[in-house]
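Below: the structure, in structure tokens.
Residue numbers (this note's numbering): 174 to 472.
Structure (structure tokens):
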């Protein structure tokens, strides 16, 4: 496209947007490096995304992984995006038809493909933070593939930014992109990473705060998982209304009601359980959760 053609399209886009009748979505363009003040403290982040044969991190397999490194300032400004890594992986069994339809990844594309583990370990070593859009899904798959990721703090761009409070209609990546005014080629791991990084780099529409800044604040926080172990059955509705969830899976405290609260609210929540549910003589178990184990099997 010539410069003249680009200018003409830009004029058309402005005219359509100004009419109030049309809304223009722009295709996601590669980010360019921004200049920051000399002496600005920066860190390396990794945005990761996987495509898999299914939803179970214990039995399903990764068929594609993407990692996009980026540099960010401690105030949340995203300074630069690095060289991306992408690899297919043969799961050792046919890809389910519904997964092929969703991702466009076929058995032929992954046949005999492996992921270079040395490259993965080399990328994760300098990272100060690993981010995924739905980290509760990606983290469990990636840690099973490459245990080096287990030693890093993680953050979730889907759940650790309050997108709804900022005026977005949902938290899915495609919805957020449209709300932010751009589109991209979906359901390929690298493209999903680049779209999410673009969202994190933007000021949020209501607060004006950079989304990455909100993400960092949430990732740095400590939460407490409090288990209402031994809660009588008749209190289940009260616990549900208060925000407790039921854990019926094998793990730290199986088949127990639990709630996650900020560290500052721990004593209040324990007092509630002792007064209203468990009795004064019972002290509920508490698990402190940080970004090092949040979204993993450990937290």
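By construction, the Cβ of each residue, glycine as well, lies at the ideal position given by its N, Cα and C atoms. Keep in mind that this is a model prediction, so the values were computed, not measured.
Beta carbon of residue i nearer than 8 Å to that of residue j
i           : j           : result
residue 257 : residue 395 : no
residue 473 : residue 226 : No answer is possible for residue 473: the residues shown for the chain start at 174 and end at 472.
residue 329 : residue 298 : no
residue 261 : residue 236 : yes
residue 238 : residue 296 : no
residue 458 : residue 402 : yes
residue 431 : residue 400 : yes
residue 321 : residue 342 : no
residue 339 : residue 378 : yes
residue 397 : residue 344 : no
residue 365 : residue 222 : yes
residue 197 : residue 179 : no
residue 224 : residue 265 : no
residue 252 : residue 206 : yes
residue 281 : residue 263 : no
residue 290 : residue 319 : yes
Where the alpha helix (DSSP H) containing residue i begins and where it ends
i           : result
residue 297 : 290-297
residue 417 : Counting along the chain, residue 417 falls outside any alpha helix (DSSP H), and DSSP gives it neither H nor E.
residue 207 : Here residue 207 belongs to no alpha helix (DSSP H), and DSSP marks it neither H nor E.
residue 191 : 176-191
residue 449 : Counting along the chain, residue 449 falls outside any alpha helix (DSSP H), and DSSP gives it neither H nor E.
residue 387 : 384-393
Backbone CA spacing between residue i and residue j [nearest angstrom]
i           : j           : result
residue 472 : residue 305 : 16 Å
residue 301 : residue 404 : 40 Å
residue 209 : residue 216 : 13 Å
residue 367 : residue 242 : 10 Å
residue 270 : residue 393 : 40 Å
residue 279 : residue 417 : 41 Å
residue 535 : residue 451 : This structure leaves residue 535 out entirely; the chain is present only between 174 and 472.
residue 358 : residue 420 : 37 Å
residue 213 : residue 447 : 48 Å
residue 469 : residue 391 : 16 Å
residue 346 : residue 276 : 15 Å
residue 408 : residue 307 : 31 Å
residue 175 : residue 254 : 26 Å
residue 467 : residue 389 : 14 Å
residue 324 : residue 465 : 7 Å
residue 183 : residue 192 : 14 Å
residue 435 : residue 415 : 15 Å
residue 413 : residue 406 : 12 Å
residue 348 : residue 376 : 17 Å
residue 286 : residue 303 : 24 Å
Segment limits, beta strand (DSSP E) that includes residue i
i           : result
residue 222 : 215-225
residue 433 : 429-435
residue 398 : 396-400
residue 462 : 459-462
residue 328 : 327-329
Near the ligand COA: residue i beta-carbon under 7 Å from a heavy atom
i           : result
residue 253 : Within the structure as shown, the ligand COA is missing, as the structure has no ligands at all.
Can we say the region 380-387 touches the region 245-254, given the rule of at least three CB pairs closer than 8 Å?
yes
On the three-pair Cβ rule with 8 Å, is the region 344-360 touching the region 310-322?
no
Taking only runs of the beta strand (DSSP E) that begin and end inside the region 240-315, which ones reach a length of at least 3 residues, in chain order?
251-254, 258-261, 302-305
At 4 residues or longer, and completely inside the region 350-378: list those alpha helix (DSSP H) runs for me, N to C.
362-374
Three-pair Cβ contact test at 8 Å for the region 192-204 versus the region 368-379
yes
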